[in-house]
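Accompanying notes for the structure given below.
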Amino acid sequence: MPELPEVEMVVRTLRPRLVGQNITAVETSGLALRRPIDLKMLKRACVGARVDAVRRIGKYWLIDLSTEHVLLGHLGMTGRLVFADADAPRAAHTHAVFRLARGDELRYVDPRRFGVLRAYAAADAAQSAELAVLGVDPLERGFTVRYFADSLAASRRDIKAFLMDQSRVAGLGNIYVCEALFRAGIAPTRRSDRVAKKAEALHAAVVTVLKESIENRGTSFSDYVDADGQSGGNQRSLWVYGREDDPCRRCAGRIKRRVQAGRSTFFCPRCQK
DNA sequence: AAACTCCCCTGATCGC
DNA sequence: TGCGATCAGGGGAGTT
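Going left to right, the first sequence walks through residues 10 to 282 as our numbering numbers them.
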């Protein structure tokens, strides 16, 4: 579910409600996410900690704690972070609860349990299994046209698979890959090293598609909400994703769907070459 | 290096 | 109305 813009919205809505707050206790459901949750490590990091900062790298959210630890999470397909009063009933599939000294709780809810929730010593986080493999975040300074063009030139995979690969560009998922390729006018099956000439246009398309979605508070198909419980509005601005057989908004031709790397790709055969 | 297949898990939807 | 098949915005492991 959540790709870079949705995680960015979660981080932005967490920040004012969480920074400066103190965590007094942590609980978990006992069920594993993608991997089992290490409750001992979560407690070591969180109990008695003050939240110093909330940030994002790719699709990961990070909470910096005064204990010199970092809480790191990924929302998978269906993960949510929600605030609730401590005595409010817990939603089904609540797998972690962080009690705040203020009296309320931050809860991690994830029906499909494809998410990640881990704590690291602050000095170790960047070298963690999750973060060490990530490429450049497309909204950071390091995402230059040069970096992107060189990276494209070095790959013979199709451009859809390339853009989905978090070790190249960290944060794009199925929706924004489809949208960025449409915006740049590039067919999803083109070989990466052969779109190098269009690297600048594709680079701009990636950045624009992400920024526009953030302005629209992210894309909500079914379950995505930010930490205030708000749905996004970007689903109304999509050009191709989820629009199989609908008319292209640019040329009025028919939007097609094909399966690539195990996932649906939506594209306009007339607008994307 | 990259493509495949299968896997993790729940829930919504669709065709019969 | 019920029921199974299929699909979903995520990633990873193991195999060619």
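Here a beta-carbon is modelled for each residue, glycine too, at the ideal position from N, C-alpha and C. Every value quoted in this text rests on a predicted model; they were computed, and no experiment measured them.
Here Phe230 is exposed: its Cβ has fewer than 16 other Cβ atoms, across all protein chains shown, within 10 Å. Phe107 carries a strand assignment under DSSP once its states are collapsed to helix, strand and coil. In this structure, Pro278 keeps its C-beta atom at 9 Å or more from the C-beta atom of Ala179. Considered as a whole, the stretch 66–127 harbours 69–74, 78–83, 89–94, 103–109 and 113–118 as its complete beta strand (DSSP E) runs of no fewer than 3 residues, in chain order. The residues Gly241, Gly242, Asn243 and Ser246, in chain order, have a CB closer than 7 Å to that of Asn225 in the same chain once the five nearest residues on each side in sequence are set aside. Buried is the label assigned to Arg177, since at least 16 other Cβ atoms lie within 10 Å of its Cβ. Less than 9 Å divides the Cβ of Asp94 from the Cβ of Glu114.
In the same chain as Ala54, and ignoring 5 residues on each side of it, the C-beta atoms closer than 7 Å to its own belong to Leu74, Thr76, His78, Leu80 and Ala128, in chain order. A direct Cα-to-Cα measurement between Met86 and Ala41 gives close to 15 Å. Selection Pro256, Val118, Phe152 and Val186 evaluated against Gly238 yields Val118 as nearest (Cα-Cα). DSSP, reduced to helix, strand and coil, places Ser222 within a helical segment of the structure shown.
In this structure, the beta-carbon distance from Asp254 to Arg200 does not fall below 9 Å.
In this structure, Leu172 sits near Val215, with a CB-CB distance shorter than 9 Å. With fewer than 16 other beta carbons inside 10 angstroms of its own, Thr153 counts as exposed.
Put simply, the backbone Cα of Glu36 is about 23 Å away from that of Val16. Sequence-distant Cβ neighbours of Thr103 in its own chain, meaning closer than 8 Å and more than five residues away, are Ser38, Arg116, Tyr117 and Val118. Closest in C-alpha terms to Gly182, from the list Gln269, Arg59, Phe92 and Val60, comes Gln269. Residues Ile32, Thr33, Ala34, Val35, Glu36, Ala95 and Glu114 of the same chain have their beta carbon placed closer than 8 Å to that of Arg108, with the five preceding and five following residues left out of the count. In the DSSP assignment, Ile168 falls within the alpha helix (DSSP H) that extends over Ile168 to Met173. Residue environment for Pro147: buried (at least 16 other C-beta atoms within 10 angstroms of its C-beta). Under DSSP, Gln269 forms a beta bridge with Arg272.
For Ala34, the enclosing beta strand (DSSP E) stretches over residues Ile32 to Thr37. Residue range Val154 to Ala162 is occupied by the alpha helix (DSSP H) that includes Asp159. Only residues of its own chain outside the window of five on either side were considered, and among them Trp248 have a CB closer than 8 Å to the CB of Arg258, listed in chain order. Setting aside the 5 residues that flank it on each side, Ala62 is surrounded in the same chain by Val28 and Asp73, each with a C-beta closer than 7 Å to its C-beta; the list follows chain order. Assignment of Pro14 by DSSP, reduced to helix, strand and coil, places it in the helix class.
Around Val142, the same chain offers Ser176 as residues with beta carbons nearer than 6 Å, after the five sequence neighbours per side are excluded. Sequence-distant partners of Phe191 (beyond 5 residues in either direction) whose C-beta falls short of 7 Å from its own C-beta, in its chain, are Trp248, Val249, Phe276, Cys277, Cys280 and Gln281.
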